[in-house]
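With UniProt numbering, letter number 250 in the sequence shown gets 250, and the count goes up by one each step, no holes.
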Amino acid sequence: MSSHRTTPVASRASTSFLQSGGSSIHGFPSSPAPSTPASRGVFHSLLSARDVTICEREGELITAPNLDTVSGEHVSLPAISVQRDPSQVGLPPVSSRSAFISQQVSTYKQAFYVWQEIGMLEALEVIAKGESKDEVHPWIKALAKSALWILKWAKWQGVNEHSMGDVVPVENWVEGLVRCIAWHPHVDKLAVALHNESVHIYKDSSSPRHVLKHKQQKLITGLAWKPHSASFLAVACREHILMWNLDPTSLATRVPGNCASLLSQPGHSPIVCIQWSPQGDLLMSGSLNQGSPYVWDVSMQQSTPLMQAWNQQVGYLRWSPDGSKVLVATMSSTFRVFETETWTWERWKTVKGRVRAGAWSPCGKHLVFATDSDPVLFDLSFQAPNETAKSKVAGSEAAQQVANFQHAALSDGHSQDSNSRVFAIEWDPKGERLVVGLQKWEALLLYRTRVFPSVGLQFCGMIYGPMGQVPQCIQFKPHFEEGALLTVHTSDGSHPSANFTNFGNAAAQLTSVGSHPVV
Numbered sequence: 001m002s003s004h005r006t007t008p009v010a011s012r013a014s015t016s017f018l019q020s021g022g023s024s025i026h027g028f029p030s031s032p033a034p035s036t037p038a039s040r041g042v043f044h045s046l047l048s049a050r051d052v053t054i055c056e057r058e059g060e061l062i063t064a065p066n067l068d069t070v071s072g073e074h075v076s077l078p079a080i081s082v083q084r085d086p087s088q089v090g091l092p093p094v095s096s097r098s099a100f101i102s103q104q105v106s107t108y109k110q111a112f113y114v115w116q117e118i119g120m121l122e123a124l125e126v127i128a129k130g131e132s133k134d135e136v137h138p139w140i141k142a143l144a145k146s147a148l149w150i151l152k153w154a155k156w157q158g159v160n161e162h163s164m165g166d167v168v169p170v171e172n173w174v175e176g177l178v179r180c181i182a183w184h185p186h187v188d189k190l191a192v193a194l195h196n197e198s199v200h201i202y203k204d205s206s207s208p209r210h211v212l213k214h215k216q217q218k219l220i221t222g223l224a225w226k227p228h229s230a231s232f233l234a235v236a237c238r239e240h241i242l243m244w245n246l247d248p249t250s251l252a253t254r255v256p257g258n259c260a261s262l263l264s265q266p267g268h269s270p271i272v273c274i275q276w277s278p279q280g281d282l283l284m285s286g287s288l289n290q291g292s293p294y295v296w297d298v299s300m301q302q303s304t305p306l307m308q309a310w311n312q313q314v315g316y317l318r319w320s321p322d323g324s325k326v327l328v329a330t331m332s333s334t335f336r337v338f339e340t341e342t343w344t345w346e347r348w349k350t351v352k353g354r355v356r357a358g359a360w361s362p363c364g365k366h367l368v369f370a371t372d373s374d375p376v377l378f379d380l381s382f383q384a385p386n387e388t389a390k391s392k393v394a395g396s397e398a399a400q401q402v403a404n405f406q407h408a409a410l411s412d413g414h415s416q417d418s419n420s421r422v423f424a425i426e427w428d429p430k431g432e433r434l435v436v437g438l439q440k441w442e443a444l445l446l447y448r449t450r451v452f453p454s455v456g457l458q459f460c461g462m463i464y465g466p467m468g469q470v471p472q473c474i475q476f477k478p479h480f481e482e483g484a485l486l487t488v489h490t491s492d493g494s495h496p497s498a499n500f501t502n503f504g505n506a507a508a509q510l511t512s513v514g515s516h517p518v519v
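If you want it as structure tokens, here you go:
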């Protein structure tokens with residue numbers, strides 16, 4: 001894969017932009033620009049005192065005191081109800097493992113079963129916590145405890161869970177019950193990854209729920225359905241990618257482990273992001289190791305580094321919906337956009353912070369993104385390249401600020417400090433609505449959007465869930481003819497449950513809403 005080489009240049013003294021004078025390094029201001037109609041005064045015309053947002057109808061946000069008496073119309077969505085696996089946090093006491101291990105077997109057999117189902121660390125914990133003194137010799141228990149301590153210490157010397165949680169576009173990824181969600185691009189099917197390293201597949205109420213569990217499925221950071229296929233799901237884990245091939249006609253709840261194939265590359269870990277190309281022929285993955293992102297030909301089980309000379313950690317990937325470009329954001333202030341015909345690239349450099357989240361317009365000509373340092377949304381525009389262009393990426397010289405939510409006043413009249421970082425940005429497939437999630441905020445920011453003649457954001461209001469519930473992860477349903485449908489997982493951070501709410505907009509009807517506890 002070829003690359004378009006660039007060299008850094010100094011910024012001009014007369015401006016706060018990093019101008020490149022024709023090269024492909026671009027920048028944008030770190031300090032907020034003068035407020036625009038999308039950011040000035042609009043936060044004061046918000047919802048009435050802390051009702052739950054139900055939907056958007058005829059341009060207005062509809063609210064209700066709670067979700068108990070609200071039901072969706074004309075839309076059939078998966079009903080989410082997951083039994084909390086007792087193995088969610090580490091290894092549970094022996095008495096709570098009866099769901100999957102018979103207590104009549106010996107401690108050593110229990111450890112063997114746990115090693116097969118979950119992993120080595122948990123198997124050592126079974127021996128170290130063995131309840132029968134006669135069965136497990138004290139020196140064996142002591143040896144297991146020592147080995148457990150050494151393995152845990154070695155694990156934490158590398159990139160730990162907290163470092164991964166700072167990158168994954170999910171609020172409270174380390175401790176939350178739900179680690180990520182993924183709608184299928186063509187079928188009414190939702191995948192939900194839980195903290196206990198299982199993945200649950202939900203379809204319509206008449207279909208069985210499938211549960212995916214594998215001993216190599218550890219620290220799930222991403223889910224990605226293969227486009228133009230009903231049965232292939234990629235699961236990004238710390239050390240590798242599991243490719244599940246699901247039988248859509250199977251009535252079995254538990255999917256056997258032999259339905260998964262393993263994709264791995266030496267040194268390519270921990271994997272924190274995966275993205276399919278819209279055509280479904282290539283899968284891209286990025287890791288916090290200082291190595292190139294990899295492009296996988298899954299059918300051949302072959303991988304190719306995107307760049308041979310790469311010494312930066314990759315924290316975020318986003319493929320444009322038209323398949324022509326892909327965003328690759330590093331853990332530093334630089335990020336690249338590759339065009340996917342000849343794989344040339346252009347590079348931009350932020351003045352402060354790294355790219356935390358981003359979303360492409362459906363046409364692939366605009367990239368809206370945010371850094372981890374400023375409460376601001378930026379837009380990069382892209383044009384069709386001409387024959388004399390140095391690069392086929394054809395990106396603008398600098399990003400433009402399109403929204404600023406630094407001093408958003410919430411509906412309760414109190415000013416919310418916007419030092420909270422953006423954790424997710426989602427743009428609906430029709431290009432009409434954009435949603436921004438901020439860390440520790442109970443509300444999501446909703447914008448109306450346009451992309452022609454230039455990108456524009458108009459603030460609509462706040463999307464609120466139940467009182468005390470903070471959004472953890474969000475995603476628009478890819479195929480929703482009636483308008484835009486946003487699925488939001490919320491949690492209050494204290495109870496072992498999660499709520500899933502579907503927030504819809506349509507021309508003249510309440511389309512769908514539902515709250516589904518995970519108990």
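Ideal Cβ placement from N, Cα and C applies to all residues, glycine included.
- For A182 against A224, the beta-carbon gap comes to about 6 angstroms, under 8 angstroms, which counts as contact.
- Annotation: H195 is outside any alpha helix (DSSP H) and is labelled neither H nor E by DSSP.
- Annotation: the continuous alpha helix (DSSP H) that includes H162 extends over E161 to G165.
- Distance check between L77 and each of K203, V355 and T53 places K203 closest, using alpha-carbon atoms only.
- In the DSSP annotation of this structure, the continuous segment of the beta strand (DSSP E) that includes D379 starts and ends at V376 to S381.
- Within 10 angstroms of the beta-carbon of A357 lie 16 or more other beta-carbons, which makes it buried.
- In this structure, N172 sits near Q472, with a CB-CB distance shorter than 7 angstroms.
- Here N404 really is in contact with V376; their C-beta atoms are around 5 angstroms apart, less than 8 angstroms.
- Between D372 and the set Q290, V351, S381 and W244, the nearest pair of CA atoms involves V351.
- The beta-carbon distance between V52 and P466, rounded to whole angstroms, is 6 angstroms. This is short enough to meet the 8 angstroms contact definition.
- The DSSP-derived three-state label of T107 is helix.
- A distance of 7 angstroms or more separates the beta carbons of N311 and Q279.
- Residue pairing by DSSP places T449 opposite L457 in a beta bridge.
- Burial check for Q308: the Cβ neighbour count within 10 Å stays below 16, so the residue is exposed.
- The segment 229-242 makes contact with the segment 211-219: 3 or more CB pairs, one atom from each, lie closer than 8 angstroms.
- Counting along the chain, L434 sits inside the beta strand (DSSP E) bounded by residues R433 to L438.
- Contact annotation, P185 with P478: C-beta distance approximately 5 angstroms; criterion of less than 8 angstroms satisfied.
- Residue burial is scored here from C-beta neighbours: H137 has fewer than 16 other C-beta atoms within 10 angstroms and is therefore classed as exposed.
- In this structure H162 is exposed. Its beta-carbon is surrounded by fewer than 16 other beta-carbon atoms within 10 angstroms.
- According to DSSP, C259 shares a beta bridge with no other residue.
- If you look at S285, you'll find it in the beta strand (DSSP E) that goes L283 to S287.
- When beta bridges are read from the DSSP output, K325 appears opposite E339.
- Put simply, the backbone Cα of G431 is about 15 angstroms away from that of C460.
- Beta-bridge annotation (DSSP): W149 is not paired with any residue.
- Exclusion of the five residues before and after I271 leaves A236, S285 and S287 as the residues of its chain whose Cβ lies within less than 6 angstroms of its Cβ.
- Here H489 is bridged, per DSSP, to C473 and F500.
- Between the beta-carbon of V337 and that of W343 there is about 11 angstroms, and that puts the pair past the 8 angstroms contact cut.
- When secondary structure is reduced to three states using DSSP, I140 falls in the helix class.
- The alpha-carbon separation between Q265 and S299 amounts to approximately 16 angstroms.
- Straight-line spacing of the CA atoms in E426 and F476 works out to 7 angstroms.
- Annotation: the continuous beta strand (DSSP E) that includes F423 extends over V422 to W427.
- In the three-state reduction of the DSSP assignment, I127 falls in the helix class.
- Residue pairing by DSSP places A230 in no beta bridge whatsoever.
- L251 and K226 have their C-alpha atoms roughly 22 angstroms apart.
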